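Trainee:
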Amino acid sequence: LSPKSYLLRNDAGNFTDVTQTMCPQLLEIGMVTTAIWSDIDIDGTPDLILTGEFMPITIFLNKGSEFINETQAAGLSKTSGWWNTLSPGDFDNDGDIDFMAGNLGTNSRFRATIEEPLCIYANDYDKNGSIDPVMCYYVDGVNYIAHTRDELIKQISPMRVRFKTYEDYAKVTFSGAFLPKELEDAQVFRADNFESSYIENLGNGTFAVHSLPNLAQLAPINGIVTLDVNLDGNLDALLVGNNYSGEATIGNHDAGIGLCLLGDGKGGFNPLSLDKSGFFVDGDAKDIKLMKDNNHSLVLVGINSSEMKTFKLRTNN
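Under the working numbering, think of the first position of the sequence shown as 951, with each following residue one higher.
1) Check each candidate in G1031, D1186, N1078 and name the one with the smallest Cα separation from G1055.
2) Helix, strand or coil for R959, going by three-state DSSP, please let me know.
3) Would you mind sorting E1197 into buried or exposed? The rule is 16 or more other CB atoms within 10 Å of its CB.
4) Kindly indicate which residue of T1035, F1010, N1034, S988 has the alpha-carbon position closest to the one of A1024.
5) Curious, which full-length alpha helix (DSSP H) runs of at least 4 residues does the region 1073-1107 contain?
6) Roughly how many whole angstroms lie between the Cα atoms of D1186 and R1140?
7) Check whether the Cβ atoms of F1049 and I1149 lie closer than 8 Å to each other.
8) With distances taken between CB atoms, is the gap from D1082 to N1093 smaller than 8 Å?
9) Among residues of its own chain, excluding the 5 on either side of K1259, which ones have a beta-carbon nearer than 7 Å to its beta-carbon?
10) Report yes if the C-beta distance between F1219 and P1163 is below 8 Å; otherwise report no.
11) Between T1199, Q1167, C1086, T1098, which has its C-alpha nearest L1209's C-alpha?
12) Determine contact between the region 1152-1163 and the region 1083-1090, defined as no fewer than three beta-carbon pairs at a distance below 8 Å.
13) In this structure, what does DSSP give as the bridge partners for F1144?
14) Assuming I1238 and V1175 are in contact, meaning their beta carbons sit under 8 Å apart, how far apart are those beta carbons, in whole angstroms?
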């Protein structure tokens, strides 16, 4: 169901597909939304860190002739979420590279935990030759279909017979809506965590996941840049997000107005108020970049259906 991903080697300007020989797992790794290079094991070679929708934070260590998937060994196999972006940085000043990761956030009707994940069960339920993805999530400990009756019937017409009324549909649980064989044969995608997070490199090949402050959970985070905003020697972060492509029954995720997080140099982050930061980004913000211009630091924010926003960082506290 997911598109393939590839590793291309730059041979003096000509790119060669080396996925099959150097990183075959990458081909079917999932719905990748972001990928970065960073030397997380400090061996002098860049490692590949990526993630995406219904994917964990995934790590491929560079072993020279091949890339090895060390996600489980790193303690990240149960971090599957709706991740949008990754930004590296040494946030705790211990000499290795950590990450800040943008996720859906918690200001949504959807919830996901390891015990109660949000899942998609994909199968050709009506045997018409096309795959029907059905999403489910927990409400008060009970797993329900996420779609309305009309939406489900539009995708899987035989459901009209199973649920003749809206009342019937409202009462049914996810497992009660399908035959056991239908779910057994389905391809399952799960999300265990929707919190935007700080991924701490513990220095022994493993990582710890820490939730960012509540203000970073108000909307999906699509872009993060790391820099020392207040010149105190500790890395800070600027975050942008929102999602204006929600279905009518769900609505947009649009509570984000941009956020500046000041790092304390120990892996902790404190939100800086808007009146102090001057960093205001509303709208469907999709990415953020840091650029240098004549010794000035410029922050550029790309927003769907709107003009790009530019911020100039002051050089004094």
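Just so you know, even glycine gets a beta-carbon here, dropped at the ideal spot from N, CA and C.
The structure displayed is predicted, hence computed values, not measured ones.
Mentor: From the atom records:
1) By 1-based counting over the sequence shown, the position of residue 1055 is 105. It is G1031 whose Cα lies nearest to the Cα of G1055.
2) In the sequence shown, the residue the question calls residue 959 occupies position 9. Strand at R959.
3) In the sequence shown, the residue the question calls residue 1197 occupies position 247. It is exposed - the Cβ of E1197 has fewer than 16 other Cβ atoms within 10 Å.
4) The residue you call residue 1024 lines up with position 74 of the sequence shown. Cα-wise, what sits closest to A1024 is F1010.
5) 1099-1105
6) Residue numbering aside, residue 1186 sits at position 236 when the sequence shown is read from its first letter. Residue numbering aside, residue 1140 sits at position 190 when the sequence shown is read from its first letter. Distance between the alpha carbons of D1186 and R1140 is about 31 Å.
7) Translated into the one-based positions of the sequence shown, residue 1049 becomes position 99. Translated into the one-based positions of the sequence shown, residue 1149 becomes position 199. Cβ atoms of F1049 and I1149: closer than 8 Å.
8) Counted from its first residue, the sequence shown places residue 1082 at position 132. Counted from its first residue, the sequence shown places residue 1093 at position 143. The answer is no: Cβ separation not under 8 Å.
9) Position 309 of the sequence shown, counted from the first residue, corresponds to residue 1259. Excluding positions up to five away in sequence, the list reads V1231, V1251, I1253.
10) For the purposes of this step, residue 1219 is identified with residue 269 of the sequence shown, where counting begins at 1. For the purposes of this step, residue 1163 is identified with residue 213 of the sequence shown, where counting begins at 1. Going by C-beta atoms, F1219 is nearer than 8 Å to P1163.
11) As a working mapping, residue 1209 is identified with position 259 in the sequence shown. Taking only the C-alpha atoms, the option nearest L1209 is Q1167.
12) no
13) Counting from 1 along the sequence shown, the entry for residue 1144 is found at position 194. For F1144, which the question treats as bridged, DSSP gives no partner whatsoever.
14) Position 288 of the sequence shown, counting from 1, holds the residue named residue 1238. Position 225 of the sequence shown, counting from 1, holds the residue named residue 1175. The pair is a contact, with the Cβ atoms about 5 Å apart (cut-off 8 Å).
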